[in-house]
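Undergrad:
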Amino acid sequence: MWSDLFFTTLLVLFVASFVWLGFTFLRKKRKERIEILTQELIKIESPKASLSTALHKTKDGFFSRLSNMLSGQKPIQNETLVELESILFSADIGVKTSQKLLDMVAEGIRSGKLQNSEQIKDALRSQMQEILCSVLHKPLETTEPNSTTVVMFVGVNGVGKTTTIGKISSQLHAQGKRVVLGAGDTFRAAASEQLAVWADRSGASLVTGSENADPASVLFDTVQKGKAEKADFVLCDTAGRLHTKSNLMDELKKAHRVLGKAQAGAPHEVLLVLDATMGQNALMQAKQFSESTPLTGIVLTKLDGTAKGGIVLGIIDELKIPIRYIGVGEAADDLRAFEPKEFLNALFA
Ligand SMILES: Nc1nc2c(ncn2[C@@H]2O[C@H](COP(=O)(O)OP(=O)(O)O)[C@@H](O)[C@H]2O)c(=O)[nH]1
Ligand SMILES: [Mg+2]
Numbered sequence: 002m003w004s005d006l007f008f009t010t011l012l013v014l015f016v017a018s019f020v021w022l023g024f025t026f027l028r029k030k031r032k033e034r035i036e037i038l039t040q041e042l043i044k045i046e047s048p049k050a051s052l053s054t055a056l057h058k059t060k061d062g063f064f065s066r067l068s069n070m071l072s073g074q075k076p077i078q079n080e081t082l083v084e085l086e087s088i089l090f091s092a093d094i095g096v097k098t099s100q101k102l103l104d105m106v107a108e109g110i111r112s113g114k115l116q117n118s119e120q121i122k123d124a125l126r127s128q129m130q131e132i133l134c135s136v137l138h139k140p141l142e143t144t145e146p147n148s149t150t151v152v153m154f155v156g157v158n159g160v161g162k163t164t165t166i167g168k169i170s171s172q173l174h175a176q177g178k179r180v181v182l183g184a185g186d187t188f189r190a191a192a193s194e195q196l197a198v199w200a201d202r203s204g205a206s207l208v209t210g211s212e213n214a215d216p217a218s219v220l221f222d223t224v225q226k227g228k229a230e231k232a233d234f235v236l237c238d239t240a241g242r243l244h245t246k247s248n249l250m251d252e253l254k255k256a257h258r259v260l261g262k263a264q265a266g267a268p269h270e271v272l273l274v275l276d277a278t279m280g281q282n283a284l285m286q287a288k289q290f291s292e293s294t295p296l297t298g299i300v301l302t303k304l305d306g307t308a309k310g311g312i313v314l315g316i317i318d319e320l321k322i323p324i325r326y327i328g329v330g331e332a333a334d335d336l337r338a339f340e341p342k343e344f345l346n347a348l349f350a
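Per my numbering, the very first residue in the sequence shown carries number 2; after that it's consecutive.
Okay, structure coming up:
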């Protein structure tokens, strides 16, 4: 009889601790979810800053050093080129592009075309504009009227893929477009939750899978939903973990193939999201991704938080891939179409 009582007590204790653990787990998940919701809502609703203000770190760094060095009509001295070289090569423009700009100035001085610092500055500015305008940059557009344009977003972890999708979704919704989002980052449950907040805010439909579900199948379902809802755009999020590079690339290739099975011609766009704070590392990532996935454009995020904005020049010059959007903050309006002249004006202002 005592042993019965003992085992019953043990069983009750076991069940009680199991219930307690379950309850604690759910409470933790709920707390995490509320934190994600709060953070995302704060971001979505923040006011928009001017481009020049948003780019102030790059402007105050490289561009103001350049402007200060080349202000006025100072005659060219022996050390002018050396000084210019040090500024250009420390500006995260990328070695090839810095060298190109420097060679252009050296040649201008040698031939007597450039005779003072003001002329060097003007020549540099117009060469930069030429580089930036060497490809056509335009934001997303529907491929054909009454058809669904499927866009896949790729990039390593933390660069801003999910946030960018949310921002684009908000902007397309404001233009009266119908949007479906696919939570193809099934690696972390939080990624779906983050996308759910943006979907909710931007009036988009959302397709999610369970944690660790096959991302390709989630994205296949997303395209099916997009077609059923006659959506203008299907925006596909993907995971960016860099376990091993080939793993990530294989997964992306598979998702790419499966999207093509869901709809002929899909994905119509593959946008690589790059974090500008990574400077020349972003350029390396772009090279790696473009080797395994055909990219149709780049989104360069976090230009507001870095002095390395000069990387825009290197990316366009070396890769000849259009920059479709730039991210200059966390709010929905802080994603802008990339306009070379406006960009240079903001930096040289
Ligand atoms: N300051 C700033 N933060 C950004 C920008 N774009 C994204 N972020 C932040 O970068 C962090 C990672 O973004 P997330 O979309 O989760 O990256 P993902 O892992 O590539 O999906 C988040 O805290 C975003 O709010 C941007 O343009 N400016
Ligand atoms: Mg994400």
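No residue lacks a Cβ here, since even glycine has one placed at the ideal position from N, Cα and C.
Could you pull out every unbroken alpha helix (DSSP H) segment of at least 4 residues lying fully inside the stretch 40-100, listed in chain order?
TA: As far as the stretch 40-100 is concerned, its whole alpha helix (DSSP H) runs of at least 4 residues are 52-55, 65-70 and 81-90.
Undergrad: Give the straight-line distance between the Cα atoms of residue 343 and residue 69, rounded to the nearest whole angstrom.
TA: So the alpha carbons of these two residues sit roughly 21 Å apart.
Undergrad: By the 10 Å Cβ neighbour count, where 16 or more other Cβ atoms means buried, how is residue 76 classified, buried or exposed?
TA: So residue 76 counts as exposed.
Undergrad: Rank 323, 124 and 97 by C-alpha distance to the C-alpha of residue 109 and give the top, closest one.
TA: The option with the nearest alpha carbon to residue 109 is 124.
Undergrad: With respect to the beta strand (DSSP E) encompassing residue 270, which residues constitute its N-terminal and C-terminal limits?
TA: Where residue 270 is concerned, the enclosing beta strand (DSSP E) stretches over 270-276.
Undergrad: Using a Cβ-Cβ cut-off of 7 Å (strictly less than) and excluding sequence neighbours within five positions of residue 277, which residues of its own chain qualify?
TA: Around residue 277: 283, 301, 302, 303, 304, 307, 309, 310 and 312.
Undergrad: Would the beta-carbon of residue 192 be found less than 7 Å away from any heavy atom of ligand 2?
TA: Within the cutoff, so yes.
Undergrad: Have a look at residue 111 and residue 129 and give me their C-alpha separation to the nearest angstrom.
TA: Their Cα atoms are separated by approximately 20 Å.
Undergrad: Using a 10 Å radius around the Cβ and a threshold of 16 neighbouring Cβ atoms, would you call residue 104 buried or exposed?
TA: Exposed.
Undergrad: Which residues in the same chain as residue 329 place their Cβ atom closer than 6 Å to its Cβ, once the five residues preceding and following it in sequence are excluded?
TA: Around residue 329: 55, 304, 305 and 335.
Undergrad: Which residues does DSSP pair with residue 337 in a beta bridge?
TA: Answer by DSSP bridge pairing, in chain order: 327.
Undergrad: Could you pull out every residue in the same chain whose Cβ sits closer than 6 Å to the Cβ of residue 327, ignoring the five residues on either side in sequence?
TA: Result list for residue 327: 301, 304, 337 and 339, in chain order.
Undergrad: Do three or more CB pairs link the stretch 268-276 to the stretch 143-163 at distances below 8 Å?
TA: Enough Cβ pairs lie closer than 8 Å, so yes.
Undergrad: Is there contact here, the stretch 203-222 with the stretch 168-184, by at least three beta-carbon pairs under 8 Å?
TA: Result yes; three or more Cβ-Cβ pairs closer than 8 Å.
Undergrad: Kindly list the residues whose CB is nearer than 6 Å to the CB of residue 193, restricted to its own chain and excluding five residues on each side of it in sequence; keep chain order.
TA: Only 184 and 209 meet the Cβ criterion.
Undergrad: Tell me whether the beta-carbon of residue 71 lies closer than 8 Å to the beta-carbon of residue 119.
TA: In contact: residue 71 and residue 119 (Cβ atoms closer than 8 Å).
Undergrad: Any beta-carbon of chain C closer than 8 Å to the one on residue 170?
TA: Absent here is chain C; the protein component of the structure consists of one chain.
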